[in-house]
Structures are given as structure tokens and as C-alpha cells.
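Undergrad:
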Amino acid sequence: MSTEAKKQIIDVGDGAAIPRKSDRGLFTAWRIAFFGAIGTIAYLVWNRPDPYLNILKFVPDGIAVTFQVTLGAILLAIVIGLITGLGRISKNRFFNGVASLYVEVIRGIPLLVQIFYIYYALGTIVKVPAILSAIIAMAVCYGAYMGEVVRAGIESIAKGQREAALSLGMNGRQTMIHVILPQAVKVILPPVGNEFIALLKDSSLVSIIAVADLLRRGREYASESFTYFETYTVIALIYLIITLFFSKIIGVMEERVSVNK
Amino acid sequence: MSINSRRKMVEAKEIIKVYGSFRALDRVSLDIYDGEKVVIIGPSGSGKSTLLRSINRLEEIDRGTIVVDGMDLYDPKTDITKVREEVGMVFQSFNLFPHKTVLENLTLAQIVVRKRSKHEAEEKAMMLLERVGLAAKAKSYPGKLSGGQQQRVAIARSLAMDPKLMLFDEPTSALDPEMIGEVLDVMKDLAKDGMTMAVVTHEMGFAREVADRVIFMDAGRIVEEGTPEHFFTAPTHERAKLFLSQIL
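Chains A and B supply the protein sequences, listed in that same order. Going by numbering that gives the first Met the number 0, the letters in the first sequence line up with residues 0 to 260, in that order. Going by numbering that gives the first Met the number 0, the letters in the second sequence line up with residues 0 to 247, in that order.
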């Protein structure tokens with residue numbers, strides 16, 4: 000018998016589809032896509048090393064940059080999201096107001112515009128490397144979404160948990176740290192993974208502000224060699240392989256968490 | 000009746016609690032003396048849970064005063080967490096922390112609030128688990144326990160704080176019938192020990208056996224109050240008579 004019969008599920012569907020436990024069988028959509036993409040690249044490189052092998056040799060630097068941007072942005076976004084989420088449920092009117100305003104404003108502006116804006120706005124004050132500007136822009140944007148995930152996660156924890164902690168003499172902060180957040184993390188983890196994948200894909204947008212990520216490297220190669228179709232085929236397949244790989248990891252993580260419950 | 004002096008543990012005066020246009024508590028006054036066992040009964044929606052929950056301020060009242068152990072709950076100088084340290088509460092739905100073991104459930108507040116050492120807290124916890132007959136379950140997670148066992152753990156968790164007063168909010172209402180006895184036994188044992196208790200319950204047998212005073216509530220008011228003998232044999236109020244005829 001569990002104390003809380005119902006567990007709220009947060010679904011922020013923006014990343015790649017996370018494979019479900021029910022997706023059994025040999026030919027799942029995930030396997031066809033993942034191994035199909037790897038097979039296609041292998042086939043192309045084997046049969047037409049020029050240009051495909053050359054493209055493949057040219058882009059790894061870009062993959063590294065894409066990961067740098069994604070990792071930097073997600074970590075920063077989690078911090079911003081935690082603060083924003085706590086602000087959104089705070090009884091403090093000022094804190095709550097600022098957090099809500101932030102979420103509303105950010106969600107109302109396209110990410111591409113935010114990237115341009117932060118890059119040029121920051122540029123007028125201090126000279127920052129494009130990659131740092133890109134990380135900040137992505138984090139500011141995703142922090143707002145992350146804040147909503149954190150808020151929903153905290154609110155999904157039954158009211159009785161908070162009351163039990165308070166009745167034992169814990170203050171609000173102690174209750175949050177020892178009772179609410181540890182439980183909320185389990186609920187928050189899967190949607191955070193989802194946001195991670197979405198962020199990874201959206202990181203391709205930073206190529207417009209001279210960050211040499213995967214897409215940018217591809218564009219550089221394509222414009223020199225005039226192999227646009229071939230290059231973008233490889234770029235698309237690499238993105239696909241990376242996101243499918245992570246969606247699998249997150250799917251496994253999600254299963255573990257629900258089993259532990 | 001009370002074992003100790005006639006010191007007042009709880010002194011609630013003329014409290015009013017409103018939900019929209021509905022008066023959950025309508026000018027309720029209640030004193031609970033040191034060592035006294037008060038059982039609050041009444042139909043659902045009569046305000047008994049609201050009254051109990053207002054004693055540790057889980058429910059905010061709209062008017063009136065509540066003094067617990069000499070501390071005025073609504074005095075701006077009162078630190079409400081200090082009051083709650085002294086007042087244990089047991090909920091209908093147990094509310095154990097599912098991410099912590101039984102032992103950790105008992106030690107958390109001792110360490111965080113009472114600032115006891117881990118060793119000291121665990122010693123206390125094991126002693127209490129022994130008392131409620133669940134020492135063997137110390138390393139289990141609450142989800143693995145039956146409802147009756149969870150509620151006994153919840154009682155032990157409250158007792159670990161050495162409260163001066165224990166509040167029970169329908170502690171057996173969510174339990175399967177065969178598990179009610181084990182929880183009531185723990186509560187009776189606690190009563191024998193001289194704990195000051197306020198219990199909201201539908202268990203009339205328990206009320207008869209343990210209560211020093213029975214309070215009957217209806218529509219946000221206390222309509223009848225007296226010893227169990229008086230209440231169960233010769234209730235004066237019509238509403239109380241009707242309630243008893245339905246429940247007994």
C-alpha cells in the first residue's frame with residue numbers, strides 16, 4: 000500500500016519520442032531509425048568516400064561544440080529553472096512576480112530572436128565569445144521552460160507531505176530540502192531529459208551567430224565544396240543518431256525511477 | 000480526571016474559520032488540560048478536523064485566539080515552528096515520507112529540528128519502533144508496510160519529537176478493519192502513559208474507554224460536551240442523540 004495512490008505525470012513533449020516499455024519486439028521505431036541512420040552513413044561512406052568520408056572527417060569539431068553548448072546551457076538552465084520554479088510557487092509576491100514575468104516574456108519570444116538579441120545586446124556591453132553568448136541565450140530560454148517543469152514537479156507532491164513535515168516542526172526551507180525536493184526530483188527527471196534533447200536540437204540555431212557547431216561546420220564544408228545535398232544528409236543523420244541515443248538513455252532512466260517508486 | 004495539574008495545554012477562544020460563505024468553525028471555544036484525553040466526534044463536515052488542524056496552525060483561523068502551551072499562535076512574536084515541535088500530529092493518510100526508510104522517517108526531524116546527533120536520534124527511534132512493535136521494519140520503506148504498520152510508524156515519528164500534546168486526525172479511517180485494533184492499541188498505551196491527546200475519530204469504543212471528555216460537534220459548533228458516561232448514556236442534544244443512534 001503506497002501513501003499516495005496517484006502520481007502525477009508531467010508531459011512536456013518537445014524532445015525526441017522517449018521509447019516506452021511497451022515498445023517491445025525486434026523492429027521498434029527506435030531501432031529502425033537508430034540503426035538505419037548508422038547503416039545509411041556507413042553505406043554512403045563505404046560506397047562514395049568522396050565526398051561522404053571527407054564530410055565525416057570535417058564535422059567532429061562541430062559535434063564537440065554542439066555538446067559544449069548543450070551541456071553548458073542545460074546545466075545553467077537547471078539552476079535558473081530551480082530558482083524560477085521556486086519563485087512560481089513562492090508566497091513572496093515580489094519573487095513570485097519576477098519569476099512569472101520572466102516565464103511569460105521568454106515564452107513569448109522565439110528562441111532564434113532571443114539568440115540574436117542576447118548576442119548583440121551583450122556585445123554592446125562586454126565583449127564575450129560567441130559560444131558563451133550562445134550558452135547564455137539557450138539557458139535563459141530553457142530556464143523558463145525548466146521553471147515550469149520544476150513548479151509542476153513540486154506541485155505534484157501530495158499536500159500531506161508538506162503538512163507532515165511542518166507538523167514535526169520543520170520550517171519551509173527544511174521541508175523543501177528534506178521532504179519535497181527529493182521526491183520532486185524523481186518526477187522532474189524525465190521531463191528534464193526531454194528538455195535536454197529538445198535543447199540539443201535547438202542548439203543548431205546558434206550556428207547563425209558564428210558558433211562553429213555541427214550545423215555551422217556542415218555549412219562551411221558545403222559552401223566550399225558545393226556538396227549541399229550530401230553534407231546536409233550527413234548532418235541530419237548525425238543529429239538523428241545523437242538524439243535517438245540520448246532518448247534511449249533517458250527512457251531507461253525513466254523506467255528505473257518508476258521501478259524504484 | 001487529569002493526572003497532572005490543571006494547567007491548560009490548549010486554550011482556544013471564540014475561533015471562527017470561514018471557507019467562502021461557509022462557516023467551518025463558528026465561535027468555538029475549547030480548553031484542553033495537561034494530561035487530558037479529549038475525543039472529538041461528529042458528522043462529517045461538522046468542523047472537527049478543522050478544529051484539530053487549527054491547533055497547530057495547519058489551518059489558519061479567521062478570528063479568535065488559540066494559545067498552545069502558553070504560546071499565542073497568532074502573536075507575531077511566536078515562532079510557529081516552536082509550537083509545532085511540541086505538538087505531534089497523526090494524519091488519516093499517514094503521510095510518511097516515501098523516499099526515506101522507516102528509521103529515517105523517525106530521525107529526520109529529530110536531527111534537523113531538535114539538532115540531535117544521528118546516533119542519539121537513531122537510538123530514540125529504535126526505542127519507539129520497539130514500542131509500536133515495528134523495530135524489525137526499521138530499514139524498510141513505508142511503501143512496503145501495511146496501512147496499520149504505516150500508521151504506527153507515523154505515531155512513533157511524532158513521538159520522537161517528545162511532544163507535549165498529540166493530535167490525531169481520524170487515524171483509523173483509512174485502514175482496513177483488521178488493522179484498526181493495532182493502531183488503537185498503540186494510542187491506548189500512549190494514553191495510559193499520561194500523554195495529552197486530542198483525537199478526532201469515529202471509533203466509539205475507543206472514545207468510551209480512553210476519553211476524559213467527549214466533544215460532539217455539528218455545523219461548526221460544539222453542541223455537547225461531557226464525560227463518556229454522560230455522552231453515551233444520556234446525551235441532551237437532539238443532534239447528538241440522532242448521531243449516536245445512527246452510529247452505534
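Yeah, the Cβ is synthetic: ideal placement off N, Cα and C, and Gly gets one too. It should be emphasised that the depicted structure is a prediction, and the values quoted were computed from it without experimental measurement.
(1) Between A:Phe195, A:Val112, A:Pro109, A:Leu167, which lies nearest to valine 148 (chain A) when the distance is taken from Cα to Cα?
(2) Between the Cα of valine 31 (chain B) and those of B:Arg56, B:Leu24, B:Asp68, B:Ser139, spot the shortest distance and give me the residue it belongs to.
(3) Have a look at A:Ile240, A:Ile73, A:Gly122, A:Phe33 and flag the residue whose alpha-carbon is nearest the alpha-carbon of isoleucine 62 (chain A).
(4) For arginine 238 (chain B), which residues in the same chain have their Cβ closer than 7 Å to its Cβ, ignoring the five residues on either side in sequence?
(5) Using Cβ-Cβ distances below 7 Å, what residues of the segment 140 to 173 of chain A are close to chain B?
(6) Which same chain residues, not among the five before or five after valine 125 (chain A), have their C-beta less than 6 Å away from its C-beta?
(7) Does the distance from the C-beta atom of threonine 83 (chain A) to that of tyrosine 101 (chain A) stay below 8 Å?
(8) What number of angstroms, rounded off, separates the C-alpha of arginine 150 (chain A) from the C-alpha of isoleucine 88 (chain A)?
(9) Which chain B residues are close to proline 181 (chain A), counting only those with a beta carbon under 7 Å from its beta carbon?
(10) Of all the CB atoms in chain A, is at least one closer than 8 Å to the CB of valine 9 (chain B)?
(11) Starting from aspartate 60 (chain A), trace the alpha helix (DSSP H) in both directions and tell me its first and last residue.
(12) Using the Cβ count rule (16 or more neighbours within 10 Å means buried), how would you classify isoleucine 114 (chain A)?
(13) Expressed to the nearest angstrom, what Euclidean distance is found between the alpha-carbon atoms of glutamine 245 (chain B) and phenylalanine 215 (chain B)?
(14) In angstroms, rounded to a whole number, what distance separates the CA positions of serine 28 (chain B) and isoleucine 249 (chain A)?
(15) Suppose contacts are defined by Cβ-Cβ distances below 8 Å. Is isoleucine 16 (chain B) in contact with glutamate 58 (chain B) by that definition?
(16) Return the residue from the list B:Thr106, B:Ala233, B:Met125, B:Met126 that minimises the CA-CA distance to glutamate 117 (chain B).
(17) What alpha helix (DSSP H) runs, 4 residues minimum, are completely inside the segment 132 to 208 of chain A?
(18) Can you give me the C-alpha to C-alpha distance between serine 43 (chain B) and phenylalanine 205 (chain B), rounded to a whole angstrom?
(19) So with Cβ pairs under 8 Å, would you call methionine 160 (chain B) a contact of chain A?
(20) Is there contact between the segment 45 to 54 of chain A and the segment 195 to 208 of chain A, where contact requires at least three CB pairs shorter than 8 Å?
(21) Which bits of chain B does valine 178 (chain A) rub up against, with CB to CB less than 7 Å?
(22) Quick one: what's got a C-beta closer than 7 Å to methionine 125 (chain B)'s C-beta in the same chain, skipping five residues either side?
(23) Is glycine 192 (chain A) buried or exposed, if buried means 16 or more other CB atoms sit within 10 Å of its CB?
(24) Could you check whether valine 97 (chain A) and leucine 213 (chain A) sit closer than 8 Å to each other, using their CB atoms as the reference points?
(25) Pair every Cβ in the segment 32 to 43 of chain A with every Cβ in the segment 223 to 238 of chain A, then say whether three or more of these pairs are closer than 8 Å.
(26) Beta-carbon of threonine 2 (chain A) versus every beta-carbon of chain B: anything under 8 Å?
(27) State yes or no: is the beta carbon of serine 172 (chain B) nearer than 8 Å to at least one beta carbon in chain A?
(28) Check the Cβ of valine 111 (chain B) against every Cβ in chain A and list those closer than 8 Å, keeping chain order.
(29) Give the DSSP-derived three-state secondary structure of methionine 252 (chain A) in the structure shown.
(30) Please decide whether glycine 92 (chain B) counts as near chain A, where near means a Cβ-Cβ distance under 8 Å.
(31) Check whether the Cβ atoms of glutamate 228 (chain B) and arginine 212 (chain B) lie closer than 8 Å to each other.
(32) Buried or exposed for asparagine 91 (chain A), going by 16 or more other Cβ atoms inside 10 Å?
(33) Would you say arginine 92 (chain A) faces chain B, with C-beta separation under 8 Å as the test?
(34) Return the bridge partner residues of phenylalanine 21 (chain B) from the DSSP annotation.
(35) Is there a C-beta anywhere in chain A that falls below 8 Å from the one on arginine 83 (chain B)?
(36) Does methionine 186 (chain B) get closer than 8 Å to chain A when you measure Cβ to Cβ?
TA: Per the coordinate set shown:
(1) Indexing the first sequence from 1 puts residue 148 (chain A) at position 149. The residue with the shortest Cα to Cα distance from valine 148 (chain A) is A:Phe195.
(2) Residue 31 (chain B) sits at position 32 when you count from the first residue of the second sequence. Note that residue 31 (chain B) corresponds to isoleucine in the displayed sequence, not to valine. Ranking the options by Cα distance to isoleucine 31 (chain B), first place goes to B:Asp68.
(3) Here residue 62 (chain A) corresponds to residue number 63 of the first sequence, with the count starting at 1. Minimum Cα distance to isoleucine 62 (chain A) is reached at A:Ile240.
(4) By 1-based counting over the second sequence, the position of residue 238 (chain B) is 239. The residues are Asp217, Val222.
(5) Gly159, Gln160, Glu162, Ala163, Leu165, Ser166, Leu167, Gly168, Met169, Asn170, Gln173
(6) Here residue 125 (chain A) is taken as the residue at index 126 of the first sequence, counted from 1. Excluding residues within five positions, none has a Cβ falling inside 6 Å.
(7) Position 84 of the first sequence, counted from the first residue, corresponds to residue 83 (chain A). Position 102 of the first sequence, counted from the first residue, corresponds to residue 101 (chain A). Yes, Cβ-Cβ distance for threonine 83 (chain A) and tyrosine 101 (chain A) is below 8 Å.
(8) Residue numbering aside, residue 150 (chain A) sits at position 151 when the first sequence is read from its first letter. Residue numbering aside, residue 88 (chain A) sits at position 89 when the first sequence is read from its first letter. Using only the alpha carbons, I get a separation of about 7 Å.
(9) Stepping through the first sequence from its first residue, residue 181 (chain A) is reached at position 182. Chain B residues near proline 181 (chain A): His98.
(10) Here residue 9 (chain B) is taken as the residue at index 10 of the second sequence, counted from 1. It does not; no Cβ of chain A falls within 8 Å.
(11) Taking the first sequence and counting its residues from 1, one reaches residue 60 (chain A) at position 61. Element bounds for aspartate 60 (chain A): 59 to 88.
(12) One-based indexing of the first sequence puts residue 114 (chain A) at position 115. Buried, since its Cβ has 16 or more Cβ neighbours within 10 Å.
(13) Here residue 245 (chain B) is taken as the residue at index 246 of the second sequence, counted from 1. Here residue 215 (chain B) is taken as the residue at index 216 of the second sequence, counted from 1. Taking the straight line joining both Cα atoms gives about 14 Å.
(14) Along the second sequence, read from residue 1 onward, the residue named residue 28 (chain B) stands at position 29. Along the first sequence, read from residue 1 onward, the residue named residue 249 (chain A) stands at position 250. Straight-line Cα distance between these residues: approximately 56 Å.
(15) Translated into the one-based positions of the second sequence, residue 16 (chain B) becomes position 17. Translated into the one-based positions of the second sequence, residue 58 (chain B) becomes position 59. Note that residue 16 (chain B) is lysine in the sequence shown, not isoleucine. Yes, these two residues count as a Cβ contact at 8 Å.
(16) Locating residue 117 (chain B) in the second sequence gives position 118, where the first residue counts as 1. Looking at the sequence itself, residue 117 (chain B) is lysine, so the reference to glutamate does not match. Nearest of B:Thr106, B:Ala233, B:Met125, B:Met126 to lysine 117 (chain B), Cα basis: B:Thr106.
(17) 158 to 166, 171 to 174, 180 to 201
(18) Counting from one through the second sequence, the residue named residue 43 (chain B) turns up at place 44. Counting from one through the second sequence, the residue named residue 205 (chain B) turns up at place 206. When rounded, the distance between both Cα atoms is 18 Å.
(19) Reading the second sequence from its first residue, position 161 is the one you call residue 160 (chain B). At least one chain A Cβ lies under 8 Å of methionine 160 (chain B).
(20) No: the two stretches stay apart, fewer than three of their Cβ pairs being nearer than 8 Å.
(21) In the first sequence, counting from the first residue as 1, residue 178 (chain A) sits at position 179. Per Cβ cutoff of 7 Å: Phe96.
(22) Taking the first residue of the second sequence as position 1, residue 125 (chain B) is located at position 126. Excluding positions up to five away in sequence, the list reads Ala134, Ala137.
(23) In the first sequence, counting from the first residue as 1, residue 192 (chain A) sits at position 193. Counting C-beta atoms within 10 angstroms of its own C-beta, glycine 192 (chain A) has 16 or more neighbours from the protein chains shown and is therefore classed as buried.
(24) Residue 213 (chain A) sits at position 214 when you count from the first residue of the first sequence. Residue 97 (chain A) sits at position 98 when you count from the first residue of the first sequence. The answer is no: Cβ separation not under 8 Å.
(25) yes
(26) The residue given as residue 2 (chain A) occupies position 3 in the first sequence. For threonine 2 (chain A), the predicted model reports a pLDDT of 42, less than 50, meaning its position is unreliable; a value from the coordinates is still stated below. So yes, threonine 2 (chain A) belongs to the interface.
(27) The residue given as residue 172 (chain B) occupies position 173 in the second sequence. Not one chain A Cβ lies under 8 Å of serine 172 (chain B).
(28) Start at 1 with the first residue of the second sequence, and residue 111 (chain B) comes out as number 112. Simply Met169, Gln173, His177.
(29) By one-based count along the first sequence, residue 252 (chain A) stands at place 253. Note: methionine 252 (chain A) maps to helix in three-state DSSP.
(30) Numbered from 1 along the second sequence, position 93 holds the residue referred to as residue 92 (chain B). With the sequence shown as reference, residue 92 (chain B) is identified as serine, and glycine is not the correct amino acid for it. It does: the Cβ of serine 92 (chain B) has a partner Cβ on chain A nearer than 8 Å.
(31) For the purposes of this step, residue 228 (chain B) is identified with residue 229 of the second sequence, where counting begins at 1. For the purposes of this step, residue 212 (chain B) is identified with residue 213 of the second sequence, where counting begins at 1. Not closer than 8 Å, so no.
(32) Stepping through the first sequence from its first residue, residue 91 (chain A) is reached at position 92. Looking at its Cβ environment, which holds fewer than 16 other Cβ atoms inside 10 Å, asparagine 91 (chain A) is exposed.
(33) Counting from 1 along the first sequence, the entry for residue 92 (chain A) is found at position 93. Chain B, which has no Cβ nearer than 8 Å to the Cβ of arginine 92 (chain A), makes this no.
(34) The sequence position of residue 21 (chain B) within the second sequence is 22, counting from 1. DSSP links phenylalanine 21 (chain B) through a beta bridge to B:Tyr18.
(35) Sequence index remark: in the second sequence, residue 83 (chain B) carries index 84 (1-based). So yes, arginine 83 (chain B) belongs to the interface.
(36) Taking the first residue of the second sequence as 1, we reach residue 186 (chain B) at position 187. Not one chain A Cβ lies under 8 Å of methionine 186 (chain B).
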